[in-house]
Amino acid sequence: MNTDEYANRLFIIFTGPAGSGKSTLTASFGRWLEEAFNYKVTYVNLDPGCEYLPYKPDFDIRSMFTCRDIMIREKIGPNAAMIRASELMLEKIDEIINQIARVSGEIVVVDTPGQMEVFIFHESGPEVIKRLSQMGRVISVFILDAKFARRAADLVVARLMGLSATLRLEIPTIIVLNKSDICSRSDIDKLLIDVDYLSEVLMKEGDGVISDMAAMLTDAISSMSGAIRIVKVSALKMIGFPELYDLIHEAFCTCGDLT
Ligand SMILES: Nc1nc2c(ncn2[C@@H]2O[C@H](COP(=O)(O)OP(=O)(O)O)[C@@H](O)[C@H]2O)c(=O)[nH]1
Ligand SMILES: [Mg+2]
């Protein structure tokens, strides 16, 4: 139920592979929204495995359980502990959602577990998203690490990952290329916006079979998700945030500001 009280609330969920910059972007994009627009931003940490956060969370899953405690208590390794934590997230979903509801302002930035698969491909992520959708609009920002965007084929893989996140979470998803401050490709802008150019480079860079496959995937992704625009950001240097803001805005087709 999407009541009037919640109609204007926006949850921005940061997802992406380990180390791509979810926590850093949660912190810096949240701060930018506060400074540029005076929004009241709420910070939510759903990563029970992190040791350090670059923001002060209003809700922190670690107040309920941590991977470290689970490892010690259940005598298991870090990967099994992450999976166990994901199960616990599901078991305690009512309490988690109630606590998030209690602290949430108009914009809520949500940091997710370091290992994206335990959030996106297990039950907990989609369930959390479903419950948040009852309290406002939800969008996910899928983060790709520029360190792994050296070849055109990597961008195709990124789009596929973004698409699988969309399919799993069933919410609008924006793909960002983070760490643009250390991106080594000079034609990255063109690769991100021009699908024909991307196909051309794929042909040149890969060997026959691989580049054919990548080109076919590019066509398929384009027809499935329309004109895909990947925005280039740097969470560390706060670059590309107005463009990211515009994309979030466009995803909801609203006028005026985000709320
Ligand atoms: N150069 C650069 N480093 C970044 C950027 N964003 C994050 N990092 C670094 O990447 C590492 C992982 O970032 P983190 O936010 O913890 O990733 P997470 O695992 O996805 O939450 C940290 O050392 C960050 O300082 C960026 O825009 N540029
Ligand atoms: Mg993190």
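If you read the sequence shown in my numbering, its first letter stands for residue 43, the second for the next number, and so on.
Where a beta carbon is used, it is the ideal one built from N, C-alpha and C, also for glycine.
Here the structure is a predicted model, which means the values were calculated and not measured.
Asked                                                                                                            : Found
Residue 260 vs residue 237 beta-carbon contact at 8 Å                                                            : yes
Helix, strand or coil at residue 237 [DSSP, three-state]                                                         : helix
Any non-hydrogen atom of ligand 2 within 7 Å of residue 119 CB                                                   : no
Residue 82 burial status per 10 Å Cβ neighbour count (16 or more: buried)                                        : exposed
Alpha carbon of residue 56 to alpha carbon of residue 287, nearest angstrom                                      : 14 Å
Three-state secondary structure (DSSP) of residue 227                                                            : coil
Burial state of residue 284 (16 or more Cβ within 10 Å)                                                          : exposed
Residue 216 - containing beta strand (DSSP E), residue span                                                      : 215-220
Where residue 179 sits in the DSSP three-state scheme                                                            : strand
Residue 85, buried or exposed, once every other Cβ within 10 Å from all chains shown has been counted against 16 : buried
When 138, 135, 206 and 113 are compared against residue 126, the one with the closest alpha-carbon               : 113
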